[in-house]
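Residue numbers (this note's numbering), protein chains in the order written: chain R, 234 to 451; chain E, 234 to 451.
Every residue, glycine too, gets a C-beta built ideally from N, C-alpha and C.
See below for the structure under consideration.
There are 2 protein chains.
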Amino acid sequence: MPQENSAAKVLHHLKQDILTGLFAAGHKLKMNALKERYQVGVNPLREALSQLVVMQLVQVQDQRGYRVCPVTQSELVDIYDTRAHIESLCVGLAIERGDEVWEAGIVAAAYRLQSNAGLLQADGDLQAWEQLHQQFHYAIVKGCGSEELLRVRLDLYEKASRYRNLWLRHNAGHGAFDVNQMEHEQLVTAVLARDLEAAKKLISKHILVPSQVLQGLL
Amino acid sequence: MPQENSAAKVLHHLKQDILTGLFAAGHKLKMNALKERYQVGVNPLREALSQLVVMQLVQVQDQRGYRVCPVTQSELVDIYDTRAHIESLCVGLAIERGDEVWEAGIVAAAYRLQSNAGLLQADGDLQAWEQLHQQFHYAIVKGCGSEELLRVRLDLYEKASRYRNLWLRHNAGHGAFDVNQMEHEQLVTAVLARDLEAAKKLISKHILVPSQVLQGLL
DNA sequence: AGGTATTAAAATATCGACATTAGTCTCAAA
DNA sequence: TTTGAGACTAATGTCGATATTTTAATACCT
């Protein structure tokens with residue numbers, strides 16, 4: 234029975250708790266509180282926290298413990314700009330290299346996303362929708378075939394999560410997702426038509442629009 | 234006196250020891266041996282190792298300890314291809330955004346690299362040259378102005394280090410660096426002339442050539 | 001006898017408790 | 001208001017107990 238060690242378990246939970254905003258930006262992560270919450274000793278905790286430091290989700294001050302990385306407007310802009318460039322790169326390579334299985338995967342993911350648009354209602358499950366949304370975009374970029382590039386992309390996606398959750402909550406039930414939905418359709422059309430320039434422009438815009446909305450919120 | 238904790242110290246040393254190849258790919262990292270070598274307890278060690286896992290330099294198998302990540306031909310190709318794309322992206326943005334201070338920095342770094350070409354002799358200090366080489370390329374890309382993009386670039390650079398050291402040792406004293414030197418001159422010219430297309434082609438090739446040499450060695 | 005399965009023993013990883021050390025806060029005195 | 005001493009809080013590291021894996025040895029079967 235593969236029982237992963239406690240450091241791995243606490244890493245997973247703690248990461249979620251930070252990304253979803255349960256531990257707010259700048260929040261001091263006290264050992265005793267975390268020990269209590271996750272029911273582990275200090276050593277697995279320190280291991281997990283060390284890893285989150287490398288992921289740039291947590292800061293460490295020597296001899297003064299850990300705290301959640303602050304969110305700033307400049308970081309927001311930087312992350313989203315970089316994501317736009319990287320995602321655009323992935324889409325471009327995917328269009329060059331993708332095969333029929335890749336195309337089918339896109340169609341399937343787009344269909345699932347479309348079918349569950351109801352999750353975007355005011356009382357819907359935004360996290361569930363975001364899951365499908367993520368899978369849709371992943372279906373497109375995985376055609377690039379580069380593990381390293383996809384890993385870089387995932388790192389940035391996760392680092393953007395705290396900001397994205399703000400955007401999701403802000404838009405919930407305001408019909409602001411309609412534009413988003415339309416962009417997805419256009420993207421699928423451009424990608425399947427292997428229209429490189431159009432697809433790159435669309436994906437870049439698709440990422441930068443939420444960034445501009447968020448800049449007004451911070 | 235800013236005395237960083239022992240986990241940070243051992244992280245730095247251990248990372249170097251892996252990147253320089255002192256601990257070979259696939260090597261089992263036994264706690265007792267590391268404890269002895271770095272003169273620390275197991276906990277700081279586990280912290281450092283956890284971080285190296287996130288950096289993808291070591292692997293962890295539950296209850297079976299840590300070992301240095303293996304090197305593979307496919308990873309080599311993937312890392313260098315991805316580096317070529319990312320570096321090209323950085324150079325492109327730098328050309329668009331760079332100012333005069335940026336230009337001056339490039340000229341200065343190029344001059345220092347040129348002046349110390351003697352380090353490439355068979356009996357030279359290759360690590361010292363690589364330091365200058367790295368600084369030269371950094372002088373160019375830092376003009377892109379994106380912290381996130383530069384961080385991604387640095388991650389890939391470090392991940393490529395183990396392969397690069399092979400290349401450096403292979404080329405030492407064989408005059409194979411002459412082409413490399415010429416590429417640097419051409420790159421500086423293209424960048425300062427703000428010739429986007431030429432610069433992107435040059436930097437991409439500059440990264441991919443060592444990759445092709447290395448593919449023959451593995 | 002050769003090879004495989006079983007069991008015992010050594011080695012190793014993991015985790016929590018405790019002691020040490022550093023940082024912070026309070027309060028009084030200058 | 002500033003400064004310094006002491007108490008308190010929190011982070012860090014070492015040690016030891018426990019659980020798991022790996023190695024070795026022995027017994028068993030073909």
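G449 of chain E and A355 of chain R have their alpha carbons spaced roughly 58 Å apart. Your pair I319 of chain E and V424 of chain E does not check out as a contact, with CB atoms roughly 16 Å apart and the cut at 8 Å. When the Cα atoms are used, H439 of chain E and G378 of chain E turn out to be separated by approximately 22 Å. Excluding residues up to 5 positions away in sequence, L278 lie with their Cβ nearer than 6 Å to the Cβ of L267 of chain E in the same chain.
For the 8 Å CB-CB criterion, C302 of chain R and Q294 of chain R do not form a contact. A contact between stretches requires three or more CB pairs, one per stretch, nearer than 8 Å, and the segment 241-259 of chain E fails this requirement with the segment 241-253 of chain R.
Ranked by Cα distance from A342 of chain E, the first of E:D332, E:Y371, E:G357 is E:Y371. Neighbours of Q284 of chain E in chain R, taken as residues at a C-beta separation under 8 Å, are given in chain order as S283, Q284, V286, V287. Neighbours of S379 of chain R across chain E, judged by C-beta separation under 7 Å: D311, D314, T315.
For D295 of chain E, at least one C-beta of chain R is nearer than 8 Å to its own C-beta.
Per the C-alpha coordinates, the member of R:Y299, R:R330, R:N413, R:V334 positioned closest to G259 of chain R is R:Y299. Nearest in C-alpha terms to L383 of chain R, of all of R:Q368, R:L309, R:R397, R:R395, is R:Q368.
Residue pairing by DSSP places K242 of chain R in no beta bridge whatsoever. Per DSSP, the beta-bridge partners of Q294 of chain E are E:G298.
Out of R:E381, R:L365, R:R386, the CA that lies nearest to the CA of S321 of chain R is found in R:R386. Under the Cβ criterion of 8 Å, H318 of chain E is counted among the residues facing chain R. When E:S444, E:Q306, E:Q272, E:E416 are compared, the shortest CA-CA separation from A432 of chain E is found for E:E416.
Between V374 of chain E and A327 of chain E, the C-beta gap is smaller than 8 Å, which places the two residues in contact. Within chain R, the residues whose beta carbon sits less than 8 Å from that of E237 of chain E are D295, listed in sequence order.
Across the structure, V421 of chain E and F256 of chain E are spaced so that their CA atoms are roughly 36 Å apart.
Distance from the Cα of E237 of chain R is smallest, within the candidate group E:R297, E:R330, E:G351, for E:R297.
Note that the C-beta distance between V286 of chain R and L262 of chain R is not below 8 Å.
Straight-line spacing of the CA atoms in G357 of chain E and V442 of chain R works out to 52 Å.
The beta carbon of D314 of chain R is closer than 8 Å to those of L441, S444 in its chain, skipping five residues each way along the sequence. Under DSSP, no beta-bridge partner is assigned to L359 of chain E.
At a cut-off of 8 Å between C-beta atoms, L353 of chain E does not count as an interface residue with respect to chain R. Under the three-state reduction of DSSP, K263 of chain R is assigned to coil, being neither helix nor strand. Across the segment 253-280 of chain E, CB contacts with chain R closer than 7 Å involve N276, R279, E280, in sequence order along the chain. Counting along the chain, the unbroken alpha helix (DSSP H) around M415 of chain E starts and ends at 410-425. When E:A426, E:L365, E:E363 are compared, the shortest CA-CA separation from E333 of chain E is found for E:A426.
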